[in-house]
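According to my numbering, numbering within the sequence shown proceeds without interruption in unit steps and concludes at 504. Contents: one structure, followed by commentary.
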Amino acid sequence: MLRVAARLVGDGRDADDVVQETFVAAWRGIANFSSRRSRPTSGSRPTPGSNARACR
449 MLRVAARLVG
459 DGRDADDVVQ
469 ETFVAAWRGI
479 ANFSSRRSRP
489 TSGSRPTPGS
499 NARACR
């Protein structure tokens, strides 16, 4: 994930922040996870792209 984030934001330190924010968001959302869902909805999972846009 760090490599993808670094490509998106262009800076290693910012990439660290993006990956950390992504994992924190995933950790906080784990309680809402349902293993019965066939696939995640667009609003149910954080993505490096969404955090990368915040860094710009």
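Even for Gly, the Cβ is constructed at its ideal location relative to N, Cα and C.
Original post:
In this structure, does DSSP put residue 458 in helix, strand or coil?
Top reply: coil
**OP:** Can you say whether residue 472 is buried or exposed, counting buried as having 16 or more other CB atoms within 10 angstroms of its CB?
**Re:** exposed
Original post:
Considering only residues of the same chain and omitting the five flanking positions on each side of residue 460, which have a CB-CB separation below 8 Å?
Top reply: 454
Subject >> For residue 456 and residue 469, the rounded distance between their alpha carbons >> reply: 15 Å
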